[in-house]
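Here's the structure we're looking at; comments come further down.
Numbering (UniProt numbering), first residue to last: 1 to 206.
Here's what the structure looks like:
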């Protein structure tokens, strides 16, 4: 009988798979695309009933993206979608929604359901208990990277969304849209030479 030179290797690989979230987190067929009334890759017009199209605008300094606010969405207080404005005009690329229920108990119920469905995610919260955040990563059938981030925040930092929120995004589609926009800006001569910074003090308030 032939003896393996590394008898411990299968155990290590299985352990790594478990810690990374299990097989479900890697399966392309399980990559989520839909959140409430919105689906990644779908044209923005398909969800017009739940969007305030009057709020749609290009994102400052990232004109390859447009952003629109959600409206009349049961179970959610507010949110927005980011969609393409260059390579894939109108295509939904990122969804961020804030739940009506702001309690930690509701967050824990959401987290447990996602863990049962997709395996253990990556913990991204803080050690103080004010930020609870879990991330799941997927690869879809086209090879694109899909991410889900579930978050609960109860602190005072206004840079975080208070209460419970969730994000669903196609990270590769976002990158492609950005690349398209940068090429377009260059071809239109919008990336101009701004000259030399006169001194380091230029960067500072005084």
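For each residue, glycine too, the CB sits at the ideal point set by N, CA and C.
Can you list, in chain order, the residues of its chain whose CB lies under 8 Å from that of residue 10, leaving out five sequence neighbours each side?
Here residue 10 scores only 47 on pLDDT, less than 50, and its place in the model should not be relied on; the value that follows carries that caveat. None.
I believe residue 30 touches residue 118 by the beta-carbon criterion, under 8 Å. Please report the beta-carbon distance rounded to the nearest angstrom.
That belief holds up - the Cβ atoms of residue 30 and residue 118 are roughly 7 Å apart, short of 8 Å.
Could you pull the start and end residues of the beta strand (DSSP E) that residue 185 belongs to?
Per DSSP, residue 185 belongs to no beta strand (DSSP E); it is in the alpha helix (DSSP H), 171-187.
Can you tell me where the beta strand (DSSP E) holding residue 81 begins and where it ends?
Unbroken beta strand (DSSP E) run through residue 81: 76-84.
Quick one: using the 10 Å Cβ neighbour count with 16 as the cut-off for buried, is residue 169 buried or exposed?
With 16 or more other Cβ atoms within 10 Å, it is buried.
Measuring alpha carbon to alpha carbon, tell me which residue in 83, 138 and 126 is nearest residue 147.
For residue 147, the nearest C-alpha among the options comes from 138.
What separation, rounded to the nearest whole angstrom, lies between the Cα atoms of residue 85 and residue 47?
Using only the alpha carbons, I get a separation of about 17 Å.
How do the segment 127-142 and the segment 49-69 stand: do at least 3 beta-carbon pairs fall below 8 Å, yes or no?
No, the segment 127-142 is not in contact with the segment 49-69.
Are the Cβ atoms of residue 56 and residue 71 separated by less than 8 Å?
No, these two residues do not count as a Cβ contact at 8 Å.
Looking only at its chain, what residues have a beta carbon closer than 8 Å to the beta carbon of residue 116, apart from the 5 residues adjacent to it on each side?
Closer than 8 Å at the Cβ level, and outside the excluded window around residue 116, lies no residue.
Can you tell me whether DSSP reads residue 112 as helix, strand or coil?
Looking at residue 112 - three-state DSSP - the assignment turns out to be helix.
Please tell me whether residue 167 and residue 112 are closer than 8 Å, where the distance is taken between their beta carbons.
Result no, Cβ atoms of residue 167 and residue 112 do not sit closer than 8 Å.
The beta strand (DSSP E) spanning residue 197 covers which residue range?
Here residue 197 belongs to no beta strand (DSSP E), and DSSP marks it neither H nor E.
Decide if the segment 177-189 is in contact with the segment 154-168; the criterion is three or more beta carbon pairs, one per stretch, under 8 Å apart.
Verdict: no, contact absent.
Can you tell me the Cβ-Cβ gap for residue 88 and residue 173, rounded? I've got them flagged as a contact below 8 Å.
Rounded, the Cβ-Cβ distance is 7 Å, consistent with contact.
Quickly, what does DSSP pair residue 60 with across the bridge? List them, please.
None, per the DSSP bridge assignment.
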